[in-house]
Every structure is written in structure tokens, then in C-alpha cells.
Amino acid sequence: MIRMITSDMDGTLLAGSDWANRRLPYDFAETLDELDRRGIHFLAASGRAYPSVRSNFGGLADRVDYICDNGGCLVCGGQVVHVAEVPKPDAYAFLDLCRTLPVEPPFLTSPRGMFMTVEEHWPGSERERPWTFIVPDLRQVEEPLTKLTVRTRPGADLHALRETLQAAMGDRLTFLISGPTMIDVMAHGVDKGSGIRFFRDYWGIAKEECMSFGDQYNDLGQFAESGYSFAMGNAAPEIKAAARFVAGTNENDGVTRAIWQYALND
């Protein structure tokens with residue numbers, strides 16, 4: 001029996017080509033009603049900050065729990081229940097390293113939002129504006145850091161960059177490719193899988209009772225911690241190979257269709 005379902009957001013649960021106006025599956029509210037009726041937990045898992053992910057659910061936001069910042073910030077019942085803080089010395093060492101590499105200026109994330117040194121524009125930046133804060137120096141951010149992000153120019157070899165970062169920082173941090181031009185950086189051992197383990201222990205749920213959905217490399221941790229792992233139909237072949245099942249695409253509401261087929265079919 002499925003007792004917990006975790007879904008990535010962009011490219012997985014959300015559909016639509018307009019980044020700022022991506023939509024939930026058309027039957028998401030109905031699906032959530034049935035999950036609630038059966039006592040099945042639904043978690044949104046994302047590399048984005050909590051305020052950003054929460055905004056996608058509108059009036060349903062308080063009925064969803066969250067694994068944000070790739071496991072760096074966990075939210076249950078509208079309250080932050082766990083923060084996996086990136087140690088400040090490691091964060092500063094990473095910022096120094098980025099100055100030596102051909103990358104865009106990095107930014108930091110806390111449970112409150114993103115911190116950047118310059119106002120930048122990229123797909124979705126307008127959506128993120130309410131929880132984006134411009135500061136003169138990232139070292140001045142005093143609140144807990146849950147994630148750092150470095151972006152490259154289109155066409156850069158993200159796998160090579162990740163290996164360079166990992167070799168330089170050793171096992172002090174976790175580096176995950178989270179999009180076509182982005183690498184997310186968390187505290188050592190932190191990813192969406194560690195978030196799932198936290199909630200499994202929190203609610204007393206077994207791995208075999210968990211279902212998860214994703215489309216990117218930063219979703220592989222979810223797959224390893226779920227008895228029922230689904231790569232989206234729009235995922236890369238290597239992501240599909242790591243999952244137990246392949247769902248439909250995000251544009252065809254693949255997440256909710258698979259939930260009805262595998263978790264709500266009795």
C-alpha cells in the first residue's frame with residue numbers, strides 16, 4: 001500500500017511552456033482530495049526555495065508538505081521542521097572557487113528565498129521576484145543557507161563542471177545537476193532522498209510504501225528511497241534507466257495518471 005507520494009515540480013508535476021505560469025495537472029485537486037481521504041501524504045520536492053514551490057499550489061498549499069532546496073529545507077503542516085544548513089566556511093570556499101571558473105555569479109538560498117548580488121533575468125526570474133533579495137555581498141547573508149546554485153552558459157558541460165567542483169571541495173558538499181544550465185549545492189549527504197528518509201521516519205513509513213516522480217539528475221535520490229520510482233516520459237534516457245517505472249509526460253499530467261493507476265486503483 002502506498003502511504004507517501006513525492007513529486008518533483010518543474011518538468012514533472014507542472015506543465016506549460018511559460019515558466020512563470022506553469023500549471024498543476026488538471027485533476028490535481030481531485031487527486032489530492034482522494035489522497036487525503038485515504039491518509040496518503042503528498043510532498044512537493046524541488047530544488048527551489050519554499051516560498052517559490054508553495055506559490056504553485058495556490059489555495060491547496062497548506063494541504064501539501066515540502067522537500068525544498070533539494071532536501072535543504074523540509075516543511076510539514078506549513079512549518080519548517082528541518083533545515084540542513086550548508087556550513088558558512090564551506091559556502092564561502094565554494095564562492096571563492098566560483099570566481100576561478102567560467103560560470104555566472106552564484107546565488108544562495110535560505111528558507112526565506114534567494115540571495116543574489118546582481119538582479120538577473122532568466123526564464124522564471126519574474127516568478128521568483130517576490131522572494132529574491134539583492135545584497136552587495138553574499139557573505140553578508142546571516143540566515144541559514146540551505147542551498148547554493150551556480151549557473152553556466154547554455155551548452156556548457158555540466159558533468160565536467162560538477163566533477164571539477166567535487167574534486168575541489170571533496171566531500172564537504174553535495175553537487176547535483178538540476179537543470180540544463182544549473183548545478184545545486186547542498187550540505188554533504190543532503191538531497192531529495194535524505195528528505196524522503198526524514199519524512200519516512202517522521203511518519204513511520206517504509207520505503208516500499210513510497211512513490212516518487214522526477215525528470216532530472218537531482219531526482220535520483222528520490223528514486224533510491226522509494227519502492228515505486230517513476231521517471232517522466234520527458235526525462236532523459238539515463239533518468240528513465242534509474243527508475244522502476246516510466247510515467248507519461250508532464251504535459252500529459254503523467255504524475256496524477258500514474259497515481260490513479262498505481263496508488264488509487266482499488
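Under UniProt numbering, the first residue of the sequence shown is numbered 1, with each subsequent residue one higher. Glycine included, every Cβ here is placed at the ideal spot set by N, Cα and C.
**OP:** Report the residue ranges of all beta strand (DSSP E) runs contained in full by the region 146-176; include only those spanning at least 3 residues, in chain order.
**Re:** 147-151
Original post:
What's the gap between the Cα of Asp171 and the Cα of Glu34?
Top reply: Residue 171 sits at position 171 when you count from the first residue of the sequence shown. Residue 34 sits at position 34 when you count from the first residue of the sequence shown. Straight-line Cα distance between these residues: approximately 42 Å.
Original post:
Pro154: which of Val190, Ser110, Glu104, Leu32 sits nearest, CA to CA?
Top reply: Locating residue 154 in the sequence shown gives position 154, counting from the first residue. Per the Cα distances, Glu104.
**OP:** Rounded to whole angstroms, what's the CA-CA distance from Lys47 to Arg3? Just pull it up for me.
**Re:** Residue numbering aside, residue 47 sits at position 47 when the sequence shown is read from its first letter. Residue numbering aside, residue 3 sits at position 3 when the sequence shown is read from its first letter. Correcting the residue identity first, residue 47 is Gly in this sequence and not Lys. About 23 Å.
Original post:
Residue ranges of each beta strand (DSSP E) run of no fewer than 3 residues wholly in the region 172-209, ordered along the chain?
Top reply: 173-179, 182-187
Original post:
When you compare only the Cα positions, how much space is there between Asp191 and Pro51?
Top reply: As a working mapping, residue 191 is identified with position 191 in the sequence shown. As a working mapping, residue 51 is identified with position 51 in the sequence shown. Straight through space, the alpha carbons of Pro51 and Asp191 are spaced by roughly 19 Å.
Original post:
What whole-angstrom Cβ distance do Val246 and Pro25 have, given they're in contact under 8 Å?
Top reply: Residue numbering aside, residue 246 sits at position 246 when the sequence shown is read from its first letter. Residue numbering aside, residue 25 sits at position 25 when the sequence shown is read from its first letter. Not quite, the Cβ-Cβ distance comes to about 17 Å (not below 8 Å), so this is no contact.
Subject >> Neighbourhood of Pro111 by C-beta, 6 Å cutoff - its chain only, sequence neighbours within 5 removed >> reply: By one-based count along the sequence shown, residue 111 stands at place 111. Cβ within range, chain order: Tyr50, Cys73, Val80.
Subject >> The beta strand (DSSP E) enclosing Tyr217, as first and last residue numbers >> reply: Residue numbering aside, residue 217 sits at position 217 when the sequence shown is read from its first letter. Per DSSP, Tyr217 belongs to no beta strand (DSSP E) and is neither H nor E.
Original post:
Using CA coordinates, which residue listed in Val141, Arg129, Glu119 is at the minimum distance from Leu108?
Top reply: Position 108 of the sequence shown, counting from 1, holds the residue named residue 108. Residue Val141 is the option with its Cα nearest to Leu108.
Subject >> Neighbourhood of Leu60 by C-beta distance below 7 Å, restricted to the same chain and skipping five residues each side >> reply: Within the sequence shown, numbered from 1, the residue matching residue 60 stands at position 60. Shown here for Leu60: same chain residues with a beta carbon closer than 7 Å to its own, the five before and five after excluded, namely Ala29, Leu32 in chain order.
Original post:
Looking at C-alpha atoms only, which residue of Asn56, Met182, Pro136 is the closest neighbour of Asp157?
Top reply: Position 157 of the sequence shown, counted from the start, is the residue given in the question as residue 157. Minimum Cα distance to Asp157 is reached at Met182.
Original post:
DSSP three-state call for Glu262: helix, strand or coil?
Top reply: On the sequence shown, position 262 is the one that residue 262 refers to. Per the sequence presented here, residue 262 reads as Tyr, with Glu not at that position. DSSP places Tyr262 in helix when its eight states are reduced to three.
Original post:
Do Leu95 and Leu138 come within 8 Å of each other at the CB atom, strictly closer than that value?
Top reply: For the purposes of this step, residue 138 is taken as the residue at position 138 of the sequence shown. For the purposes of this step, residue 95 is taken as the residue at position 95 of the sequence shown. Contact: yes.
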